[in-house]
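Undergrad:
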């Protein structure tokens, strides 16, 4: 299925691969990444973010009822066009049928896949977790998604997205390079290695006391995804 992007972990789960990602996370402190030719996903849609998250509790990187019997871990890169597609087309159905009904809690895990500019976006996203608006900023950034590695994730875009997400943009910018944000990104990279994440978006189901399992989907469209999710929750 061609929806996956090549993970910078290279599909490896060894310490060397994790270290490479950690070095990118620690070292990528510029406002934007180097510019290269954008892909066909290229132009920003700049549509207004939706209100699909209204009324759903958030805490840090989690969304939904913390007492839900199952958790869906969502691995994404803010530059990934397939992640944006899932967020726009399918997430609303997942929220309506599974999260708002208390059947499922979501956890966001941001990983670097497409390039250094992804780190700029992920730092902003994890800085927003302190305001319990992480998922809102993810949604807002997708509304402004530009070409892969075109350097579109700038401080200006982050401030605009923060305003649309109802978050404090200045606080986000001031906290993006904090040790706490770096630690959150490093943990996500290590967990991606442990979960053998092949690309994004990738989904992992946790239903304690059972071991976590990858959610195997045949498509990112609502019908295909919901069918796979419903089956996984019944097992």
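In the working numbering, the protein residues as written are 6 to 240. Every residue, glycine too, gets a C-beta built ideally from N, C-alpha and C.
(1) Pick from 101, 154, 180, 62: whose alpha carbon is nearest that of residue 82?
(2) Taking Cβ to Cβ, would you say residue 231 is nearer than 8 Å to residue 147?
(3) Would the beta-carbon of residue 127 fall within 8 Å of that of residue 133?
(4) Would you decide whether residue 122 is buried or exposed? Buried here means 16 or more other CB atoms lie within 10 Å of its CB.
(5) If you pair each beta-carbon of the region 156-173 with each one of the region 98-118, do three or more pairs fall below 8 Å?
(6) Could you check how far apart the C-beta atoms of residue 111 and residue 57 are, in whole angstroms? I think they sit under 8 Å.
(7) Can you look up residue 151 in the DSSP assignment and give me helix, strand or coil?
(8) Do residue 150 and residue 86 have their CB atoms nearer than 8 Å?
(9) Do the CB positions of residue 233 and residue 221 come within less than 8 Å of each other?
(10) Which residue marks the beginning of the alpha helix (DSSP H) containing residue 76, and which one marks its end?
(11) Following the continuous alpha helix (DSSP H) through residue 230, name the residue where it begins and the one where it ends.
(12) Residues in its own chain within less than 6 Å of residue 239 by CB, not counting five upstream and five downstream?
TA: Here's the rundown:
(1) Position 77 of the chain shown, counting from 1, holds the residue named residue 82. With distances taken between Cα atoms, residue 82 lies closest to 154.
(2) Taking the chain shown and counting its residues from 1, the one referred to as residue 231 is at position 226. Taking the chain shown and counting its residues from 1, the one referred to as residue 147 is at position 142. Contact: no.
(3) The sequence position of residue 127 within the chain shown is 122, counting from 1. The sequence position of residue 133 within the chain shown is 128, counting from 1. For residue 127 and residue 133, no; Cβs fall outside 8 Å.
(4) Looking up residue 122 in the chain shown gives position 117. Classification of residue 122: buried, given that the 10 Å Cβ count is 16 or more.
(5) no
(6) Stepping through the chain shown from its first residue, residue 111 is reached at position 106. Stepping through the chain shown from its first residue, residue 57 is reached at position 52. Rounded, the Cβ-Cβ distance is 12 Å, inconsistent with contact.
(7) The sequence position of residue 151 within the chain shown is 146, counting from 1. In this structure, residue 151 counts as coil in the three-state DSSP scheme.
(8) Counted from its first residue, the chain shown places residue 150 at position 145. Counted from its first residue, the chain shown places residue 86 at position 81. Yes. Within cutoff.
(9) For the purposes of this step, residue 233 is taken as residue 228 along the chain shown, with counting starting at 1. For the purposes of this step, residue 221 is taken as residue 216 along the chain shown, with counting starting at 1. Yes, the pair counts as a contact, with Cβ atoms nearer than the cut-off.
(10) Position 71 of the chain shown, counting from 1, holds the residue named residue 76. Run containing residue 76: none in the alpha helix (DSSP H); it sits in the beta strand (DSSP E), 76-81.
(11) Within the chain shown, the letter at position 225 stands for residue 230. Element bounds for residue 230: 227-239.
(12) Reading the chain shown from its first residue, position 234 is the one you call residue 239. Correct list: empty, nothing qualifies.
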